[in-house]
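Peer 1: Going by the numbering used here, the first residue of the sequence shown is number 65, and it counts up by one from there. Once you've had a glance at the structure underneath, I'll fire off some questions.
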Amino acid sequence: MIGGGVIARCCALALQRQGMCVTVLARHDETPASYGNAGHIAAEQVEPLPQWSTLRTLPWTLFPMGPVALDFRYPLAWLPWSVRFLRACRPAAVDRGRVALRWLQGEALPAWERLDASLPGPTLLQRDGTVKLWEGPSATARARAAVRADCGTATARLLTTAEIGRIGAGLSVPAGAGAHYAGTAHVISPRDVLERLAHAFIDAGGEWRDDTAIHVAQEADGAVVAFQDRSLRADAVLVAGGVTSGALLPHLRVPMIAERGYHIEWDHGGAYDLPNLVFEDRALVVTRFGPRLRATSFVEFTKVDASPDPRKWAALERHVRALGLPVASAFAHWHGARPTLPDYLPMLGRLADQPRVFVAFGHNHLGLTLAATTAERMATHMLEDVALPAVFSPDRFT
């Protein structure tokens, strides 16, 4: 198993529990993209992002500090990817993407509930749903449109006047309208999720090696993982290394881009009792993790090793101050790269030309959401040869 993020840890645990002898290859000291997310099990997000309606909103979101940003220092990182994104906006491709995403999302929360129940200790999940808020004079109309939209297995309703009033009393900016999404969840802490999964994997007999692979290939009697100064042979290899996965399999020519997100985190001082909130007009998610609050935003298309843009953190801090959220400490800053493919669907399954090599990466901003169901589906695919939909094929871009 190559990778140390939430996808890799869920897959490693599932395979180890079902009788395979699994070795994880990943650096212990890394904080993967799944560490820095908003903690949302976003079962309601069943519409694929590559659509012409998405493109119509881009001019006002791209510049100068909108929620979507292109890193103009590295145009070769996103120009070829953007051409493929445009192809994925064609109606037939959108229809395929919608069916595929609903197939994965249909078991996203149930799979997490099954995984959570199998782990020792307190629950990892908060099942009180998600609240989305809109501001301004058109807030009610936009909230009603959102409630009418397809949200998969989740159910949406408008917030009552009393609910809006209670939330608004804790903010400096009036909330014009809101919606509650049942059938979604949050994790109590992304860090706790990663640590509990690793402990469960080790307790089940798995092995974790603090190492970095540089290449994966198949030989006659199995798969070979190459390191800087040696190699490791295995019966099978599952590449689930997030945004760096494509570099391990150069012959696939994986059109991966680093979709960078930013967060700030701080102590709320015990003065915060609001639900986890999504501020739609600000493209901002505010999540409570015990004594801490985390504000998450931005989609920045860039190179995986590009330096971060400090203006993004400053913008997040301005939002926090403007909303009147309680701040009882200095802000901690984080950035991380989500692994994103042009069609916004992950690569899942066996390589056509190397049947001992499997992949599970490219989950973009839905990595946490889809981790548990990905693990279940990859386990049945690898152990029982259950086919996966062709739309997720690792070879679809070659």
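Using N, Cα and C, we set each Cβ at its ideal position, and we do this for glycine too. Fair warning: this is a prediction, and the values are worked out from it, not measured in the lab.
#1: Going by the CB atoms, is the gap between Leu296 and Leu89 shorter than 9 Å?
#2: Hey, out of Leu447, Ala394, Phe149, Lys196, whose CA is closest to Ala328's CA?
#3: Contact defined as beta carbons within less than 8 Å: I believe Arg317 pairs with Tyr336. What is the distance between those atoms, to the nearest angstrom?
#4: Counting along the chain, where does the beta strand (DSSP E) carrying His279 start and finish?
#5: In its own chain, which residues sit with a C-beta less than 7 Å from the C-beta of Ala246, not counting the 5 before and 5 after it?
#6: If contacts are defined as beta-carbon pairs under 8 Å, then Pro406 and Phe425 qualify, I think. What distance do you get, rounded to the angstrom?
#7: Among Gly83, Ile66, Pro112, Ile105, which has the Cα closest to the Cα of His92?
#8: I think Ala243 touches Ala207, with their Cβ atoms under 8 Å apart; what is that distance to the nearest whole Å?
#9: Hey, out of Glu199, Arg346, Leu357, whose CA is closest to Ala102's CA?
#10: If we count the other Cβ atoms within 10 Å of its Cβ and call it buried at 16 or more, is Trp314 buried or exposed?
#11: Put Ala80 into one of helix, strand or coil per three-state DSSP.
#12: Tell me whether Val403 is buried or exposed, calling it buried when 16 or more other Cβ atoms sit within 10 Å of its Cβ.
#13: Between Arg115 and Cys74, how many whole angstroms is the CB-CB distance? I'm expecting something under 8 Å.
#14: Is the distance from the Cβ of Ala396 to the Cβ of Thr366 below 9 Å?
#15: Taking CB distances under 9 Å as the criterion, tell me whether Ile71 reaches chain C.
#16: If we count Cβ pairs, one from each stretch, closer than 8 Å, do we get three or more for the stretch 168 to 175 versus the stretch 437 to 447?
#17: Rounded to whole angstroms, what's the CA-CA distance from Gly83 to Pro390? Just pull it up for me.
#18: How big is the Cα-Cα spacing for Arg294 and Trp272?
#19: What is the DSSP secondary structure of Arg255, reduced to helix, strand or coil?
#20: Which same chain residues end up closer than 7 Å to Ala239 when comparing Cβ atoms and leaving out the 5 residues on each side of it in sequence?
#21: Where does Phe136 land, buried or exposed, given buried means 16+ other C-beta within 10 angstroms?
#22: Give the DSSP-derived three-state secondary structure of Arg154 in the structure shown.
#23: Using 8 Å for Cβ pairs, my map puts Ala261 next to Phe422. What's the rounded Cβ distance?
#24: What's the gap between the Cα of Val163 and the Cα of Asp275?
#25: Going by CA-CA distance only, name the one from Ala78, Pro112, Leu168 that's closest to Leu183.
#26: For the alpha helix (DSSP H) holding Leu389, just list the boundary residues, first then last.
#27: Report, in whole angstroms, the separation of the C-beta atoms of Ala277 and Val289, which I expect to be a contact under 8 Å.
#28: Is the distance from the Cβ of Leu380 to the Cβ of His104 below 9 Å?
#29: To the nearest whole angstrom, what separates the beta carbons of Ala359 and Ala97, a pair I think is in contact under 8 Å?
#30: Which residues mark the beginning and the end of the beta strand (DSSP E) in which Asp331 is found?
#31: Would Cys85 be called buried (16 or more neighbouring beta carbons within 10 Å of its own) or exposed?
#32: Measure the alpha-carbon distance for Asp285 versus Ile71 and round it to whole angstroms.
#33: For Thr95, which residues of its own chain have a beta-carbon under 8 Å away from its beta-carbon, when the five flanking residues on both sides are left out?
#34: For Gly354, tell me which candidate among Arg255, Ala213, Tyr138 has the shortest Cα-Cα distance.
#35: Drop a sphere of 10 angstroms on the beta-carbon of Phe456, count the other beta-carbons inside from all chains shown, and report buried for 16 or more, exposed for fewer.
#36: For Ala241, which residues from the same chain have a beta carbon less than 6 Å from its beta carbon, with the 5 sequence-adjacent residues on both sides left out?
Peer 2: A quick look at the data gives this:
#1: yes
#2: The sequence as given places Ile at residue 328; Ala does not occur at that position. The residue with the shortest Cα to Cα distance from Ile328 is Ala394.
#3: The pair is not a contact, with the Cβ atoms about 47 Å apart (cut-off 8 Å).
#4: 279 to 283
#5: Gly193, Ala218, Thr219
#6: So it is not a contact: roughly 14 Å between Cβ atoms.
#7: Ile66
#8: 5 Å
#9: Leu357
#10: A small fix is needed here, since residue 314 is Pro in this sequence, not Trp. With fewer than 16 Cβ atoms within 10 Å of its Cβ, Pro314 is classed as exposed.
#11: At residue 80 the sequence reads Gln, which differs from the Ala that was named. Helix at Gln80.
#12: The identity of residue 403 in the sequence shown is Pro, whereas the question assumes Val. That one is buried.
#13: First, the amino acid is wrong: residue 115 is Gln here, not Arg. Gln115 to Cys74, Cβ: 29 Å. No contact.
#14: no
#15: Annotation note: the requested chain C is absent from the structure, which comprises a single protein chain.
#16: yes
#17: 48 Å
#18: 17 Å
#19: helix
#20: Taken in chain order, the residues that qualify are Leu197, Glu199, Ile228, Ile231, Gly232.
#21: By the beta-carbon neighbour count (other beta carbons within 10 angstroms, threshold 16), Phe136 is exposed.
#22: coil
#23: The residue you asked about is not Ala; residue 261 is Leu in the sequence shown. 19 Å between Cβ atoms; not a contact.
#24: 37 Å
#25: Ala78
#26: Unbroken run through Leu389: none, as it is neither H nor E.
#27: That pair is a contact at about 5 Å.
#28: no
#29: Not a contact, Cβ separation roughly 17 Å.
#30: 321 to 331
#31: exposed
#32: 27 Å
#33: Trp398, Gly400
#34: Arg255
#35: buried
#36: Trp198, Ala203, Thr204, Ala207
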